[in-house]
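The numbering of the sequence shown is the UniProt record's numbering, which starts it at 1 and goes up by one.
Here a beta-carbon is modelled for each residue, glycine too, at the ideal position from N, C-alpha and C.
Small disclaimer: the values here were computed from a predicted structure and weren't measured.
Below is one structure; the comments refer to it alone.
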Amino acid sequence: MALRHGDNLAQRLEWEPSPHAQDKMKRYEKFADEIAELIRSGVLAPGQKVPSVRHASRTYGVSASTVFQAYYLLEDRGLIVARARSGYFVREHARRDLAEPEIARHEAQTTEVDVSELVFSVLSSIKDPDTVPFGSAFPAPELFPLPRLARSMAQAVRDMDPRATVADMTPGSHALRRQIALRYMVNGTPLPVEELVVSNGALEALNLCLQVVTRPGDLVAIEAPAFYATLQVLERLKLKAVEIPVHPREGIDLDVLADSLERLPIRACWFMSNFQNPLGASMSEDKKRALAGLLAKHQVPMIEDDVYAELYFAQQAPKPVKAYDSEGLVMHCSSFSKSLAPGYRVGWVAGGRFHEQIARLKLMTSLSASVPAQAAIADYLQHGGYDRHLRKLRHSLESQQHAMLAAVARHLPDETRVTRPSGGYFLWLELPERIDALRLFQLALAQGISIAPGPIFSATRGFRHCLRLNHGHPWTTRSEKAMETLGRIIQSL
Ligand SMILES: Cc1ncc(COP(=O)(O)O)c(C=O)c1O
Numbered sequence: 001m002a003l004r005h006g007d008n009l010a011q012r013l014e015w016e017p018s019p020h021a022q023d024k025m026k027r028y029e030k031f032a033d034e035i036a037e038l039i040r041s042g043v044l045a046p047g048q049k050v051p052s053v054r055h056a057s058r059t060y061g062v063s064a065s066t067v068f069q070a071y072y073l074l075e076d077r078g079l080i081v082a083r084a085r086s087g088y089f090v091r092e093h094a095r096r097d098l099a100e101p102e103i104a105r106h107e108a109q110t111t112e113v114d115v116s117e118l119v120f121s122v123l124s125s126i127k128d129p130d131t132v133p134f135g136s137a138f139p140a141p142e143l144f145p146l147p148r149l150a151r152s153m154a155q156a157v158r159d160m161d162p163r164a165t166v167a168d169m170t171p172g173s174h175a176l177r178r179q180i181a182l183r184y185m186v187n188g189t190p191l192p193v194e195e196l197v198v199s200n201g202a203l204e205a206l207n208l209c210l211q212v213v214t215r216p217g218d219l220v221a222i223e224a225p226a227f228y229a230t231l232q233v234l235e236r237l238k239l240k241a242v243e244i245p246v247h248p249r250e251g252i253d254l255d256v257l258a259d260s261l262e263r264l265p266i267r268a269c270w271f272m273s274n275f276q277n278p279l280g281a282s283m284s285e286d287k288k289r290a291l292a293g294l295l296a297k298h299q300v301p302m303i304e305d306d307v308y309a310e311l312y313f314a315q316q317a318p319k320p321v322k323a324y325d326s327e328g329l330v331m332h333c334s335s336f337s338k339s340l341a342p343g344y345r346v347g348w349v350a351g352g353r354f355h356e357q358i359a360r361l362k363l364m365t366s367l368s369a370s371v372p373a374q375a376a377i378a379d380y381l382q383h384g385g386y387d388r389h390l391r392k393l394r395h396s397l398e399s400q401q402h403a404m405l406a407a408v409a410r411h412l413p414d415e416t417r418v419t420r421p422s423g424g425y426f427l428w429l430e431l432p433e434r435i436d437a438l439r440l441f442q443l444a445l446a447q448g449i450s451i452a453p454g455p456i457f458s459a460t461r462g463f464r465h466c467l468r469l470n471h472g473h474p475w476t477t478r479s480e481k482a483m484e485t486l487g488r489i490i491q492s493l
């Protein structure tokens, strides 16, 4: 059975208020988040005046200076603009409304996967640092607290007990796993430290999980479109994909999944419930609960890839499907690669009832994650101000999303459809059907602009007229020009 949390979890974690628990949001930040939520949910529409400082101060019972600070912050985040002598207004992001992509609903089909060559050729061509990185999978390095992390690394290595090399081998550093377990607890999904295995990034954790629950030839339910590494892992392990369509806002189609689980001997599911890559879709809490119920009914394990969970724009962290799994069927995988420390290669899995097998396979394949990297991240989580960094990162990503959406509206054809995720750093675009995204990829690359073409996200090389764009980089004149160039290339096709 899965290891479940006990009543005395805080005690077992030897919990004392750590700096990250104490790192409370300031009052004006909280107030700014409340207004941001009203804008996001459409209560305050583009162009509408936000409450005057005097009115807001009276209505919400905060001081005028708190309201001012909150409005400056919202201005910084690109959500509101000041107009001389008139007050603050919700920013008009686009000159026209951008329609949402339409993902055709279809019955799931079984497919052999053969996409690696295409993925490798696309990935190798977008590595050039001089290329405009719309096709990249990473956010800008300057958004991460790298100097502070380096201090944690130096400190941790100086203080490291030489015996840690053995003691911190798989399942991993206790100090780090304790910090990770604390974050699960604070976010409302408590689980014991003992359930966690530290891995070399999330990708290793995902690989281990899939290997534990499948044999070559098995069927695995995946998303359509899916993160391309998912397709490559299936190909490597000689597994067959059952592609489940994903709604651009609401996530996988549960009816199609339910039908597929009835009809086909599916051995495992691999899904993202928050800020799905590439669509940015997030499932509602009800949907996550229903998905956990389906898994329980069919006793099918699920690998949950949740690497973007910390990058939410709303006020609260979204929960994973793992939070609704009472049977230990969900293996929840994540990492610090997207939120804190790209390149450190520190990830983890909370493996539920498969925990022991995952730990053994990890030992057999790569023995351990890097001990100094684990120690550095544990030190940073304890002393570095992770939550403060995350708030800044989320604000940057959100304002960059607004800038990119506005540029899409300005420069791309009117028929372009685009997602507007509530977290992460990807937009998914559906272009007019006549546009071949692979051809667009080649032509854009020749102009020094990378994009991620739709077919790399599909076992059947579908999504031919779609692409994923990365807004994880500060928006500059160069980005604007690149979007204008993309628009021109698309018009020429
Ligand atoms: C959806 C998704 N899962 C997993 C990963 C890999 O994470 P890591 O770098 O921690 O191995 C990525 C990285 O691009 C990703 O986009």
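Around the CB of His247, 16 or more other CB atoms lie within 10 Å, so the residue is classed as buried. In the three-state reduction of the DSSP assignment, Met283 falls in the coil class. Note that the C-beta distance between Ile266 and Leu219 is below 7 angstroms.
No Cβ-Cβ contact shorter than 7 angstroms links Glu304 with Ser339. With 16 or more other Cβ atoms inside 10 Å of its own Cβ, Thr230 counts as buried. Of the candidates Glu195, Arg178, Ser260 and Ser41, the residue whose Cα lies closest to the Cα of His355 is Glu195. Counting only beta-carbon distances shorter than 5 angstroms to the non-hydrogen atoms of ligand 1, the qualifying residues in chain order are Ala137, Gly201, Ala202, Leu203, Phe227, Asn277, Asp305, Val307, Ser335, Ser337 and Gly347.
When beta bridges are read from the DSSP output, Val220 appears opposite Ala241 and Ala268. Put simply, the backbone Cα of Ser116 is about 30 angstroms away from that of Gln491.
Taking a contact as a CB-CB distance under 8 angstroms, the pair Thr131 and Ser450 counts as one, their CB atoms being some 5 angstroms apart. For Tyr308, the secondary structure class from DSSP, reduced to helix, strand or coil, is coil.
In this structure, Phe457 places its C-beta atom within 7 angstroms of the C-beta atom of Ala226.
The DSSP-derived three-state label of Gly352 is helix. The region 474 to 482 makes contact with the region 398 to 414, as at least three CB pairs between them are under 8 angstroms.
Exclusion of the five residues before and after Tyr71 leaves Tyr88 as the residues of its chain whose Cβ lies within less than 6 angstroms of its Cβ. In this structure, the straight-line span from the alpha carbon of Val186 to that of Val256 is close to 34 angstroms.
Phe31 and Leu149 have their alpha carbons spaced roughly 30 angstroms apart. Remark: fewer than three beta-carbon pairs, one from each stretch, lie closer than 8 angstroms, so the region 190 to 206 and the region 428 to 440 are not flagged as touching. The C-alpha of Asp325 lies about 5 angstroms from the C-alpha of Ala292. Looking from the CA of Arg249, the closest CA among Glu37, Ser422 and Gly487 belongs to Ser422. When only Cα atoms are considered, Lys362 and Met331 end up about 14 angstroms apart.
With fewer than three CB-CB distances shorter than 8 angstroms, the region 159 to 173 does not count as touching the region 381 to 388.
The C-alpha of Tyr312 is placed about 29 angstroms away from the C-alpha of Asp414. Under the Cβ criterion (8 angstroms, minimum of three pairs), the region 371 to 379 counts as touching the region 168 to 175. When secondary structure is reduced to three states using DSSP, Arg83 falls in the strand class.
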